[in-house]
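Student:
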Amino acid sequence: MADAAKFHKVKIDEAPTRSLAMGRGIVHRLVDPDVGSSNVDVHVNDIEPGASRGEIHYHARAENVYIVLDGQLEVCIEGGNRYVLDVGEAGFIPPGVVHTATNARSDVRCRIVEVYAPAGRDFHEVEDWPDGIEPPDLE
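The opening position of the sequence shown corresponds to residue 327 in my numbering, with each subsequent residue numbered one higher.
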């Protein structure tokens, strides 16, 4: 077995990237199926100040964890609930829960670690919130 199959190391700012939808920021792909992971997907999201909320979606199988490194993250979940995570805080969303997340601040970037488990494409966009109950806007 080659060493690359036994250990993967990458600097956040040198990892492969992709754009967040709607020009909201950048995803730094740290660990995912492209490096051999089948059980976990780990990436760092840099969300621009004042970015719009992301797509309303859920993950059928994947558990979702957010850990805030810089700024504040707004997480909205079904039922009209809105939470703000500060630096050093983590949030967990179980499979099947409709949600979206974005930068809670208009003046600074939000940087988060996002973890999906199991790894792989499990993103199901929905048109609207269940039962039509929208989370409140930021005050």
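All residues carry an ideal CB built from backbone N, CA and C; glycine is no exception. Predicted, not measured: the structure shown is a model, and the values here were computed from it.
For VAL424, which three-state DSSP category applies?
Tutor: VAL424 falls in the coil class under three-state DSSP.
Student: When DSSP labels each residue in this structure, what does ALA341 get in the three-state scheme?
Tutor: Three-state DSSP puts ALA341 in coil, outside helix and strand.
Student: If you follow the beta strand (DSSP E) that HIS334 is part of, which residue opens it and which one closes it?
Tutor: From DSSP, HIS334 is part of no beta strand (DSSP E); its letter is neither H nor E.
Student: How big is the Cα-Cα spacing for TYR442 and HIS369?
Tutor: C-alpha separation (whole angstroms): 9 Å.
Student: Tell me which residues share the same chain as PRO375 and place their Cβ nearer than 7 Å to its Cβ, disregarding the 5 neighbours each side in the sequence.
Tutor: Taken in chain order, the residues that qualify are ASN429, ARG431, SER432, ASP433, VAL434 and ARG435.
Student: From ARG301 to ASP457, what distance separates their C-alpha atoms?
Tutor: The structure shown does not extend to residue 301, since the chain is modelled only from 327 through 465, so no value can be given for it.
Student: Which class does GLY417 belong to by DSSP, given the choice of helix, strand or coil?
Tutor: Looking at GLY417 - three-state DSSP - the assignment turns out to be strand.
Student: What's the call for ASP367, buried or exposed, on a 16-neighbour Cβ count within 10 Å?
Tutor: Per the 10 Å Cβ criterion, buried.
Student: Does the segment 412-430 come close enough to the segment 333-342 to have 3 or more Cβ pairs within less than 8 Å?
Tutor: With a cut-off of 8 Å, the segment 333-342 and the segment 412-430 do not count as touching, because too few Cβ pairs lie within range.
Student: Helix, strand or coil: how does DSSP classify VAL361 here?
Tutor: In the structure shown, VAL361 sits in a helix (DSSP, three-state: H, G or I).
Student: First and last residue of the beta strand (DSSP E) that includes GLU404?
Tutor: Unbroken run through GLU404: none, as it is neither H nor E.
Student: Can you grab the Cα-Cα spacing for the pair LEU411 / VAL394, in whole Å?
Tutor: Their backbone Cα atoms lie some 7 Å apart in a straight line.
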